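Quick note: the sequence shown uses the working numbering, first residue 469, plus one each step. Even for Gly, the Cβ is constructed at its ideal location relative to N, Cα and C. Please read all numbers here as calculations on a predicted model, not as lab measurements. To start, the structure under review is shown below, and the notes come after it.
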Amino acid sequence: MNPDNSLDAERSLLLSTLEATADGILVVDTTGKIVRYNGRFVRMWRIPDHVLASRDDEKALAHVLSQLREPEAFLAKVRELYANPEADSFDVLHFTDGRVFERYSIPQRVNDKAIGRVWSFRDVSDRVDAVRALRRSETLLAEAQELSHLGSWERDVATGDVVWSAEVYRMFGLVDGTDKPTPFEEFDHPDDAELVQRKIQEARSACGSYDIDHRIVRRDGTIRWVQERGDFQPDHSGKAHRLLGTVQDITDRKEAEQRLAHLAHYDSLTGLPNRTLLADRLLQALAYADRHELLSAVLFLDLDRFKNINDTMGHSVGDALLKAVGQRLRATVRDTDCVARSGGDEFVVVLTDVQNVRAVAKIAQTLVRRLADAYVIGGREMFATASIGVSLYPDDGRDVETLVRNADIAMYQAKERGGNGFHFYTASMHAEAVKRLLLENDLRATLSNGGFVMHYQPVVSMLDRSIVGAEALLRWPHPTAGLLPPSDFIPFAEETGLIVPVGMWALRAACKQLQAWQTAGCAPARMTVNVSPRQISEPDFVELVSGALDEARVHPRAIELELTETAVMADVERSVRVLAWLKAAGIRTSIDDFGTGYSSLGALKRFPIDTLKIDRTFVREIRRDSFDEAIASAIIGIARNRRLRVVAEGVETSEQFELLRRLGCDAAQGYIISPPLTAEQFERFTASHRSAEVTG
469 MNPDNSLDAE
479 RSLLLSTLEA
489 TADGILVVDT
499 TGKIVRYNGR
509 FVRMWRIPDH
519 VLASRDDEKA
529 LAHVLSQLRE
539 PEAFLAKVRE
549 LYANPEADSF
559 DVLHFTDGRV
569 FERYSIPQRV
579 NDKAIGRVWS
589 FRDVSDRVDA
599 VRALRRSETL
609 LAEAQELSHL
619 GSWERDVATG
629 DVVWSAEVYR
639 MFGLVDGTDK
649 PTPFEEFDHP
659 DDAELVQRKI
669 QEARSACGSY
679 DIDHRIVRRD
689 GTIRWVQERG
699 DFQPDHSGKA
709 HRLLGTVQDI
719 TDRKEAEQRL
729 AHLAHYDSLT
739 GLPNRTLLAD
749 RLLQALAYAD
759 RHELLSAVLF
769 LDLDRFKNIN
779 DTMGHSVGDA
789 LLKAVGQRLR
799 ATVRDTDCVA
809 RSGGDEFVVV
819 LTDVQNVRAV
829 AKIAQTLVRR
839 LADAYVIGGR
849 EMFATASIGV
859 SLYPDDGRDV
869 ETLVRNADIA
879 MYQAKERGGN
889 GFHFYTASMH
899 AEAVKRLLLE
909 NDLRATLSNG
919 GFVMHYQPVV
929 SMLDRSIVGA
939 EALLRWPHPT
949 AGLLPPSDFI
959 PFAEETGLIV
969 PVGMWALRAA
979 CKQLQAWQTA
989 GCAPARMTVN
999 VSPRQISEPD
1009 FVELVSGALD
1019 EARVHPRAIE
1029 LELTETAVMA
1039 DVERSVRVLA
1049 WLKAAGIRTS
1059 IDDFGTGYSS
1069 LGALKRFPID
1079 TLKIDRTFVR
1089 EIRRDSFDEA
1099 IASAIIGIAR
1109 NRRLRVVAEG
1119 VETSEQFELL
1129 RRLGCDAAQG
1139 YIISPPLTAE
1149 QFERFTASHR
1159 SAEVTG
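Have a look at this one:
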């Protein structure tokens, strides 16, 4: 072969290889003059054709430098290489447009003598971008893990070697780079460790996954809740060899769940168990009683006259009292007993491990006595008493609902006896409770269909025996019990709250009847209508009364509202305001049962009333009991001093009538004059007896 031909072929191969390489190649001599370059170099450095055509190395270098972020550093490196022609060099070039090149430079030698230098440039922009993106992703992942308190980890099953993310270190109270990752077992809370390890072993045996919430104890001793998830990875034989997982701090969520659970089972005001938890505690007490053949008892407590405290002193004071009562109950019974708030001013105590009925009675008596002691609320001393009903397991019921219901029934018996005491449930009470429930249903039905009737008892003048008024008295035609007087159902209506609508029905009916009599020309001068304590406590009471008068087109001066002394004394300040409002509206008022209450003389001067009524208890024995005569005389004297009208109730004999007349009483009503009458009977009575004298 011709040596020249062989050399040409070798040279051609070398040039082809130079052009085919992915790197940009530049060959220079020892003076820095360009000897050769490939097409990739031109494209990478974007050298214009006119610069190449000029073969001006200075222009080419200027173009190269114009693209670099740090051209001076590049020139300094080049000068350093020419000063050391035998040195190899590597660095990274950053372009103004964001590209990145790796630059390699090696001497070109012939017979171990440097004759030039080969420069190789590799565009690594995509790789650098990928690394940057990876780092950004890792940073975002680390930030996301920190925000969500979620850490990742992996563990070699065979060696036990563990790798943690940065968040795991923070979660466990360790320092990344200082503390060595270890298996999580050493951080498991002692009470949770067995369960956690059992779950992990079950997942490992199946080469599956696990997910468990548990507590950890950090190095500083603090306890945190975590959710640990793991997934075992199998090897070629199907056995678990790697464990990948996450761990998340869920302490805030667990604490929120615990708060919600507490709210679901505990009363927010007193902190005592509520009805839901009470049922569970009572079931446990019954089961304990069965196992040990002991008694259990349910004590149902209701504060006496708590509504008066709320109405007179405000709900904040009422709430403070309820909290104090709950604390006193809890402090009085044993730790094994349960104290719960059933609702409102009602509490339930469950007694466990009770030996006999005598022990239950002793505890109930102690509770009554302790609850009656003074309370200090907002710096003010106040008193409250309780009525307690007691039911026993198993005699009074074998389930939660029955025991609580029967204790509630017994509590009402204690309250009817005056409160501030306790009462054991008896079987007869259930029948009475059923009767009361039926009575309430009948009362509601009668109210809805307007089935009540009104009777009217005449009031006559002591001077000329003329009819000067009538008292409107409500009657209930019960479907089975017949015509019931107010004493048979008004106390029950007061207790259930039905007295408010029932009382307003009576007022409207009386006003309507008075208007009919006025139209017929036979109306008494004044119609008296009884008003209950619950009615005057209603915030819109005055507006309701005015509305009833307007509806019937009755003048306010023709109506007199009768309130009991007990009602006005329950809240003196409110009573003064209500009576003043009524007087401003032109409505007369009277106080019934005067002298049977307490502290009335001191407060009487503040009440803007029109009439005092002498209670029948002082009238009944007035001829034979000098004390009753003195009381009646005193009431009349007080009324004269205050320029009030006096009416005597329950006058049944002519002797009573004459004595009261001599004492100065203004008017009287009672069976000596007439029993309560229907509207038609009252019309006939007024027609025939308008000027008649009262006779025995």
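Own chain partners of residue i with C-beta closer than 7 Å, once the 5 adjacent residues on each side are dropped
i: residue 676; result: 700
i: residue 591; result: 512, 567 and 569
i: residue 1036; result: 1043, 1059 and 1075
i: residue 875; result: 766, 767, 768, 857, 858, 859 and 893
i: residue 737; result: 787, 790 and 791
i: residue 1153; result: 926, 1142 and 1145
Proximity below 7 Å, CB of residue i to CB of residue j
i: residue 1089; j: residue 1096; result: yes
i: residue 868; j: residue 750; result: yes
i: residue 1115; j: residue 1079; result: yes
i: residue 719; j: residue 697; result: no
i: residue 740; j: residue 808; result: yes
i: residue 1021; j: residue 981; result: no
i: residue 693; j: residue 667; result: no
i: residue 745; j: residue 733; result: yes
i: residue 1073; j: residue 1117; result: no
i: residue 1113; j: residue 1134; result: yes
i: residue 686; j: residue 652; result: no
i: residue 754; j: residue 861; result: yes
i: residue 1138; j: residue 1104; result: no
i: residue 573; j: residue 557; result: yes
CA-to-CA distance, residue j to residue i, given in whole angstroms
i: residue 548; j: residue 539; result: 14 Å
i: residue 976; j: residue 882; result: 36 Å
i: residue 559; j: residue 491; result: 15 Å
i: residue 663; j: residue 689; result: 21 Å
i: residue 1066; j: residue 853; result: With a pLDDT of only 48 at residue 1066, under 50, the local geometry of the prediction cannot be trusted, and the value read off the model is given with reservation. Rounded to the nearest angstrom, the two C-alpha atoms are 19 Å apart.
i: residue 958; j: residue 964; result: 10 Å
i: residue 1002; j: residue 1039; result: 12 Å
i: residue 948; j: residue 934; result: 38 Å
i: residue 800; j: residue 841; result: 13 Å
i: residue 939; j: residue 1142; result: 12 Å
i: residue 945; j: residue 1025; result: 31 Å
i: residue 988; j: residue 908; result: 37 Å
i: residue 1019; j: residue 1155; result: 27 Å
i: residue 1050; j: residue 1016; result: 13 Å
i: residue 783; j: residue 1009; result: 20 Å
i: residue 823; j: residue 762; result: 6 Å
i: residue 1121; j: residue 1087; result: 10 Å
i: residue 839; j: residue 955; result: 31 Å
i: residue 1005; j: residue 779; result: 8 Å
i: residue 488; j: residue 527; result: 26 Å
i: residue 836; j: residue 829; result: 11 Å
i: residue 656; j: residue 832; result: 48 Å
i: residue 551; j: residue 500; result: 11 Å
i: residue 1057; j: residue 1034; result: 15 Å
i: residue 623; j: residue 633; result: 12 Å
i: residue 1129; j: residue 929; result: 9 Å
Own chain partners of residue i with C-beta closer than 6 Å, once the 5 adjacent residues on each side are dropped
i: residue 999; result: 1029 and 1031
i: residue 546; result: none
i: residue 596; result: 568
i: residue 709; result: 625 and 703
Supposed contact pair residue j and residue i - C-beta distance, whole angstroms, cut 8 Å
i: residue 994; j: residue 936; result: 7 Å
i: residue 855; j: residue 811; result: Not quite, the Cβ-Cβ distance comes to about 16 Å (not below 8 Å), so this is no contact.
i: residue 952; j: residue 943; result: 7 Å
i: residue 525; j: residue 502; result: 5 Å
i: residue 509; j: residue 589; result: 7 Å
i: residue 815; j: residue 797; result: 6 Å
Same chain, Cβ closer than 8 Å to residue i, five either side skipped, listed in chain order
i: residue 553; result: 498, 575, 582 and 585
i: residue 879; result: 768, 769, 770, 855, 856, 857 and 891
i: residue 743; result: 808, 810 and 811
i: residue 1151; result: 985, 988 and 990
Minimum Cβ-Cβ distance from residue i to chain D less than 7 Å
i: residue 520; result: Given the protein chain composition of this structure (a single chain), no chain D is represented.
Which residue spans inside the segment 1110-1140 form an unbroken beta strand (DSSP E) run of at least 3? Taken in chain order, the complete beta strand (DSSP E) segments of 3 residues or longer contained in the segment 1110-1140 are 1113-1116.
Beta strand (DSSP E) runs wholly inside the segment 671-757, at least 3 long, in chain order: Listed in chain order, they are 677-685, 691-702 and 708-717.
Please list the segments of the beta strand (DSSP E) lying wholly inside the segment 920-975, counting only runs of 3 or more residues, in order along the chain. With a minimum length of 3 residues, the continuous beta strand (DSSP E) runs that stay inside the segment 920-975 are 921-929, 935-946 and 950-952.
Counting only runs of 3+ residues fully inside the segment 521-586, write out the beta strand (DSSP E) ranges in chain order. For secondary structure counted as the beta strand (DSSP E) over 3 or more consecutive residues, the segment 521-586 holds these complete runs in sequence order: 557-562 and 568-578.
Output the residue ranges of the alpha helix (DSSP H) runs that lie fully inside the segment 808-840 and measure 4 residues or longer, sorted by chain position. Runs found: 825-839.
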